[in-house]
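In the numbering used here, the protein residues as written are 767 to 1067.
Here the structure is laid out as structure tokens; the discussion comes afterwards.
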Amino acid sequence: MSNYLIGDLQGCNATLGQLLEDISFSPSTDCLYFLGDLINRGPDNVGVIKRMMSLEGSAKCILGNHDLHFLAVEKDLRPLKNGDTVQDILHHEDRSIMVQWLREQPLALQVQGLILVHAGVHPSWNRELTLQLAQEVQSALRAPDYVEFLMGMYGNDTQPWSPHLRGMERMRFTVNVLTRMRFCDGEGRLDFLAKSSIGSQSEGFFPWFDAPQRNPSQGPIAFGHWSSVGGLHRSDVICLDTGCVWGRTLSAFQLPTLNSPSNPQHQYPLDLHTPLPSDHVIEGKWISTASVDKSDMGYSD
Ligand SMILES: [Mn+2]
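In structure tokens form, the structure reads like this:
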């Protein structure tokens, strides 16, 4: 039995099929964890969502910025953007079922001691707060009046994170961190102007995982979203977005098998407040499959 983390699909259902063959995926014994941006920019968004729905207990998904963008487009709160490919869902007879399914997915998960998010975790947050904030947004998305949440979800916060934020401001900051963030300054402000590559950020900003004030008790984090750093594998973070929709690869990271005789304890032995030990490694094995799906657009995040 294995748990696999898989990076941004963005509608690349054919490549996913190939990757699942490559890892000999067994829905009865294995579990897949998808790191968000399930849909958009790629060719087969309906295929991806239908596959996720059919996998039920053996696939768990978190939402990314493209998934949330689709929910806003679907309610006519945002226009389709150049390069969006979600029209296949909009025109499908099961549109409302797929929307309902997306609304039920979380924004953060934990598996084997790793926190899974789409974009990142704010440097000042610990694991407990990260999961709590994600839960607050998930509740708003599931609520009957979720359109209210979608209407207030967009906006670039220019202030640092504050635990005193409440209501929509708090949820918007959470969405920006969990699904959009790349750079952050030493005070905890997010940079929304930077292009995607490291080095393009404004002065005083760092990739969020290198921010100097980063809370050491966050534990190891797996994320996607940032295809130009995809493949990053450090003691504290791992980035799974290896640019499938841009014609590169779709990657899975196989976590150590639980409870095997040679590896009795692969639940990372960390409680919510323990800093990572200095010799910590995120153990596991990379499997990458060359993309057979490709966006018609040039490279862009
Ligand atoms: Mn993304």
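We put the CB at the ideal spot given by N, CA and C, even for glycine.
- If you check the C-beta of asparagine 942 against ligand 1, you find no heavy atom less than 7 angstroms away.
- Of the residues assessed, serine 792 falls on the exposed side of the cut-off, its CB having fewer than 16 other CB atoms within 10 angstroms.
- Burial check for isoleucine 815: the Cβ neighbour count within 10 Å reaches 16 or more, so the residue is buried.
- Per DSSP, valine 1003 lies in no alpha helix (DSSP H); the unbroken beta strand (DSSP E) holding it starts and ends at 1003-1005.
- For proline 889, the closest alpha carbon among the candidates Pro809, Lys826 and Gln979 is that of Gln979.
- Counting the other Cβ atoms within 10 Å of the Cβ of leucine 897 gives 16 or more, which makes it buried.
- Annotation for lysine 1051: the continuous beta strand (DSSP E) segment containing it runs 1051-1056.
- No heavy atom of ligand 1 is found nearer than 7 angstroms to the CB of asparagine 806.
- Straight through space, the alpha carbons of glycine 879 and serine 1017 are spaced by roughly 20 angstroms.
- In terms of Cβ geometry, arginine 936 and alanine 885 do not form a close pair [threshold 8 angstroms].
- The Cβ atoms of glycine 952 and threonine 851 do not sit closer than 8 angstroms to each other.
- One alpha carbon belongs to aspartate 911, the other to proline 1043, and they sit about 44 angstroms apart.
- Between the stretch 792-805 and the stretch 822-840 there are three or more C-beta pairs closer than 8 angstroms, enough to call the two in contact.
- In terms of Cβ geometry, histidine 930 and glycine 802 do not form a close pair [threshold 8 angstroms].
- Between aspartate 854 and valine 812 the beta-carbon gap is near 5 angstroms, inside 8 angstroms, which marks them as a contact.
- Ligand 1 has a heavy atom closer than 7 angstroms to the beta-carbon of histidine 991.
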